[in-house]
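These protein sequences, in sequence, are chains A and B.
Residues in the first sequence are numbered consecutively from 1, following our numbering.
Residues in the second sequence are numbered consecutively from 1001, following our numbering.
All residues carry an ideal CB built from backbone N, CA and C; glycine is no exception.
Please read all numbers here as calculations on a predicted model, not as lab measurements.
Before any comments, here is the structure.
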Amino acid sequence: MIHVERRAPLRPPVAAVVRLAGVAAALLLGGLFLAATGHPPVAAYRDMVSGALGSPYAVQQTLVKAVPLALTGLGVALAFHAGLWNIGAEGQLAMGACLSSWAALTLRWPGWALLPLMAGLGLLGGAAWALIPAVPRALFGTNEIITTLLLNYVALLWVDYLVFGPWADPHAFSFPYSRPFPEAARLPLLPGTQVHLGALCVPALALGISVLLRSTRWGYEIRVTGSSPEAARYAGMPVRRTVVGVLVASGAIAGLAGMIEVSGVIGRIQQGISPGYGYAAIIIAWLARLAPWATVAVAVGFAAVLNGEFALQTSGVPAALASILQALILFSVLTSEFFIAHRVVLRRKRREAWVPQEVPAEP
Amino acid sequence: MTGHLLLLWLASAVVAGTPLIFASVGELIAERSGVLNLGVEGMMLVGAVSGFMAAVHTRDLFVAVLAAMGAAAALSLLHAVLTVTFRTDQAVTGLALTLLGAGLSSFLGKGYVGIPAPVTFRPVALPGLSQLPLLGPVLFRQDVLVYASYLLVGAAWAFLAWTRAGLALRAAGEDASTVDALGLNVAAIRYAGVLTGGALAGLAGAYLSLAYTPTWTDNMTAGQGWIAVALVIFATWNPLRAAAGAYLFGGVEALGFRIQAVGGTVPSYFLRMLPYVFTLAVLLVVTARSRRPAVPAALGRPYFREERYG
């Protein structure tokens, strides 16, 4: 008879091996899917790896791609620490991009003044967009998964309105984008690289968030609120203020990612600034088990998948493969978490006394 | 004249609300069994594309609907295996399911974008009933799937309220250990709940691609799966209220189209925001008014027999 029971936590290296086996299983499933749809999987994966990491240029492009993924991932993970689901990073990113684009398209300032203002507006746009679901979540417990998600659609329609309407490029025949930003509104590249200045925000924020969570009073309150709001309330912590603060901070980070994308990568505001960074961010944060530096590492891995997938599209593999692979990787790792926490045993039908064991904490 | 416009609007509210009924009643059944499935959007997309592809190849609407329901149910089986058997987090699994469904549907539907459906559901006036004043034109000059949705709402309500199986399903969502102690199989009940939800989400998708806008485009659900999830909360897990809510939301969506059709001056982007903003507003009002909504007590919690007394 198959029987499932909790087991003592595996040693971290063993657990890591189980998780990697999960990722391998996902790639295998993805390969089966490719083969089933008539694309040779080995060649496809080889093209993906060379497309993402095959040259110094490709590696740098992967790092650039990792910036919005890491930033939104860090923001989403921060919210998760307080037990909050920010599924709205996609919309917050778009609103940050909108506000900072306003400055880029209207102000004639020099770069040293314009770029900080744009960054500030990016933070503000994302924060404001996150404030809308944050307040009802704090006051009435309104499910933030649904509210943050619905606001994504509103934000994307708002971008559509701007780029087809008031901000449409007069020289482009109803293409969904604004005129290009002036040079002063573009983030400079790091000397000697293809990577823009905004990439520095990633290690800075990862460091900031790990310090915040580990060594500050607010970080402690966030973690307690996340593991037990009742305990936090009983301890006299301002739970509502923490909820609003964390969601707004999470949104601000996503908004900054939006500013960095329009200023550092795209150079204008357009329809589809983000090919789903905000959704990938949730998977990234989860796979990294919410740890800031791990989030950055997983984001780089996801960026490699996205860029490798992009290289594949020239050989006729549809763009949707990337999101399929992301989902498969998450499913496999979630399943491996089960095998890390449980033991499956075959045994005869005989009742034994169950001995309680130490139960590992869920992320 | 205005009366005629009003009837047109109400009739299109019913049409726009029908996919929401299928999806939200399905999600409601899954949630009543204790499993939150945030993959509705993805399952609807897979249903929409599978139904459409089957319609193109077989030109048989019945087969198309079966294909849509089967494909979406297969996707929901993945959710059931992960959340019920492997006890993964229901919210993140459901989100990934939406991502997977969006990717899969776009992958599968690549060669089908933009072509009109070769066969579609067309309105069939019900003899007698369609002659009723007001109700006739609004409710009884619709297509077969709309009539099916009326039956579904009644059947789901009766099933949950009156039958032994419905009681077991609700109990699995409230207090799984009691169900287990009664000798019923909690996992089987939850699998059934999730699969029913998946099949109905697929039906909702098929309604979009074969009746509502009979064609396939990437991400054609445009958030309707999420509105359906919100509707379940609005409906306090009651199928009758879910239907009322679906028509309300359908009415808002149809209103946007009507305003565009009569040449309003509001940019269409703002009209298309209406359903989302309205959903948001309704959620706020509902949650602000009731401090303790009627959430199934075990919703989101995996059941593990050995932790029964823990």
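Outcome for residue i when other beta-carbon atoms lying within 10 angstroms are tallied against a minimum of 16
{"i": "Arg1170(B)", "result": "buried"}
{"i": "His3(A)", "result": "exposed"}
{"i": "Val345(A)", "result": "exposed"}
{"i": "Gly1103(B)", "result": "buried"}
{"i": "Ser315(A)", "result": "exposed"}
{"i": "Ser403(A)", "result": "This structure cannot speak to residue 403(A), because chain A is shown only from 1 to 363."}
{"i": "Glu230(A)", "result": "exposed"}
{"i": "Asn152(A)", "result": "buried"}
{"i": "Arg1272(B)", "result": "buried"}
{"i": "Phe1234(B)", "result": "buried"}
{"i": "Leu1182(B)", "result": "exposed"}
{"i": "Pro1296(B)", "result": "buried"}
{"i": "Ala1373(B)", "result": "Within the shown structure, residues of chain B are numbered from 1001 to 1310, placing residue 1373(B) beyond reach of any answer."}
{"i": "Val1146(B)", "result": "buried"}
{"i": "Arg343(A)", "result": "exposed"}
{"i": "Val42(A)", "result": "exposed"}
{"i": "Arg186(A)", "result": "buried"}
{"i": "Asp160(A)", "result": "buried"}
Which listed residue (the options) has its alpha carbon closest to that of residue i
{"i": "Gly308(A)", "options": "Gly96(A), Val14(A), Gly54(A) and Leu32(A)", "result": "Gly54(A)"}
{"i": "Gly122(A)", "options": "Phe302(A), Ala299(A), Ala103(A) and Gly301(A)", "result": "Ala103(A)"}
{"i": "Pro275(A)", "options": "Trp293(A), Leu306(A), Gly251(A) and Met259(A)", "result": "Leu306(A)"}
{"i": "Ala36(A)", "options": "Leu1108(B), Trp1157(B) and Ile1227(B)", "result": "Leu1108(B)"}
{"i": "Ala1243(B)", "options": "Val1014(B), Leu1005(B), Leu1008(B) and Leu1007(B)", "result": "Val1014(B)"}
{"i": "Leu1099(B)", "options": "Ala327(A), Ile340(A), Ser336(A) and Glu337(A)", "result": "Ala327(A)"}
{"i": "Gly1193(B)", "options": "Thr1018(B), Leu1010(B) and Leu1028(B)", "result": "Leu1028(B)"}
{"i": "Val1084(B)", "options": "Ala1187(B), Val1277(B) and Phe1121(B)", "result": "Ala1187(B)"}
{"i": "Glu90(A)", "options": "Pro9(A), Ser101(A) and Val76(A)", "result": "Val76(A)"}
{"i": "Leu1129(B)", "options": "Gly1017(B), Arg1122(B), Leu1139(B) and Arg1190(B)", "result": "Leu1139(B)"}
{"i": "Asn1206(B)", "options": "Leu1008(B), Gly1094(B), Ala1023(B) and Ser1106(B)", "result": "Note that residue 1206(B) is Ala in the sequence shown here, rather than Asn. Among Leu1008(B), Gly1094(B), Ala1023(B) and Ser1106(B), the Cα nearest to that of Ala1206(B) belongs to Ala1023(B)."}
{"i": "Leu20(A)", "options": "Ala311(A), Leu287(A) and Thr295(A)", "result": "Leu287(A)"}
Partner residues on chain B for residue i, Cβ-Cβ distance less than 8 Å
{"i": "Phe310(A)", "result": "Going along chain B, no residue has its Cβ under 8 Å from Phe310(A), so there is no contact; the nearest lies around 15 Å."}
{"i": "Ala327(A)", "result": "Ala1096, Leu1097, Leu1099, Leu1100 and Gly1103"}
{"i": "Phe140(A)", "result": "Leu1284, Thr1287, Ala1288 and Arg1291"}
{"i": "Phe175(A)", "result": "Within chain B, no residue comes near Phe175(A); the closest Cβ sits about 16 Å away, beyond 8 Å."}
{"i": "Leu321(A)", "result": "Gly1103 and Phe1107"}
Whole-angstrom distance between residue j and residue i, CA atom to CA atom
{"i": "Gly1310(B)", "j": "Trp1162(B)", "result": "Its pLDDT being 36, under 50, Gly1310(B) is placed unreliably by the model, and the measurement read from it follows with that caveat. If you take the alpha carbons of Gly1310(B) and Trp1162(B), they lie about 32 Å apart."}
{"i": "Ala1074(B)", "j": "Pro292(A)", "result": "35 Å"}
{"i": "Tyr1303(B)", "j": "Val1025(B)", "result": "23 Å"}
{"i": "Pro1137(B)", "j": "Ile209(A)", "result": "60 Å"}
{"i": "Ala364(A)", "j": "Val67(A)", "result": "Because residue 364(A) is not part of the residues shown, which for chain A are 1 to 363, the question remains open."}
{"i": "Gly198(A)", "j": "Ala70(A)", "result": "12 Å"}
{"i": "Ala1148(B)", "j": "Ala1165(B)", "result": "22 Å"}
{"i": "Ile273(A)", "j": "Leu1184(B)", "result": "51 Å"}
{"i": "Leu1082(B)", "j": "Met118(A)", "result": "43 Å"}
{"i": "Gly83(A)", "j": "Ala1054(B)", "result": "42 Å"}
{"i": "Thr1279(B)", "j": "Ala1228(B)", "result": "10 Å"}
{"i": "Tyr1269(B)", "j": "Ile1021(B)", "result": "25 Å"}
{"i": "Ile340(A)", "j": "Val1282(B)", "result": "42 Å"}
{"i": "Asp47(A)", "j": "Val64(A)", "result": "19 Å"}
{"i": "Ala1096(B)", "j": "Gln1131(B)", "result": "47 Å"}
{"i": "Arg1141(B)", "j": "Ala1071(B)", "result": "29 Å"}
{"i": "Phe310(A)", "j": "Ala319(A)", "result": "7 Å"}
Cross-chain neighbours of residue i in chain A, by beta carbon under 7 Å
{"i": "Ala1091(B)", "result": "Trp85 and Ile145"}
{"i": "Thr1279(B)", "result": "Leu150"}
{"i": "Arg1087(B)", "result": "Phe338"}
{"i": "Tyr1276(B)", "result": "Leu150, Tyr153 and Val154"}
Closer than 9 Å at the beta carbon, the chain A residues around residue i
{"i": "Gly1223(B)", "result": "Leu149, Leu150, Asn152 and Tyr153"}
Chain-ordered chain A contacts of residue i [CB-CB under 8 Å]
{"i": "Ile1233(B)", "result": "Asn143 and Ile146"}
{"i": "Met1273(B)", "result": "Tyr153, Val154, Leu157 and Trp158"}
{"i": "Leu1038(B)", "result": "Ile145"}
{"i": "Leu1082(B)", "result": "Phe331, Leu334 and Thr335"}
{"i": "Val1035(B)", "result": "By Cβ distance, chain A contributes nothing, its closest Cβ being about 15 Å from Val1035(B), past 8 Å."}
Under 7 Å by beta carbon: chain B residues contacting residue i
{"i": "Gly165(A)", "result": "Pro1267"}
Partner residues on chain B for residue i, Cβ-Cβ distance less than 9 Å
{"i": "Leu256(A)", "result": "Under the 9 Å cutoff, chain B gives no residues; its nearest Cβ is about 23 Å from Leu256(A)."}
Decide if the segment 274-285 of chain A is in contact with the segment 185-196 of chain A; the criterion is three or more beta carbon pairs, one per stretch, under 8 Å apart. no
Segment contact, 8 Å Cβ cut-off, at least three pairs: the segment 84-102 of chain A with the segment 265-276 of chain A: yes
Touching or not, the segment 1240-1253 of chain B and the segment 1033-1040 of chain B, by the rule of three or more beta carbon pairs under 8 Å? no
Are the segment 327-335 of chain A and the segment 18-27 of chain A touching, with three or more C-beta to C-beta distances below 8 Å? yes
The segment 124-143 of chain A touching the segment 250-265 of chain A, judged by at least three CB pairs closer than 8 Å: yes
Indicate whether the contact test is met: 3 or more Cβ pairs, each with one atom in the segment 1195-1204 of chain B and one in the segment 1110-1125 of chain B, closer than 8 Å. no
Count the C-beta pairs between the segment 1059-1067 of chain B and the segment 234-248 of chain A that are closer than 8 Å, then say yes if the count reaches three, no if not. no
Inter-stretch contact at 8 Å, needing at least 3 Cβ pairs: the segment 106-113 of chain A / the segment 1002-1010 of chain B: no
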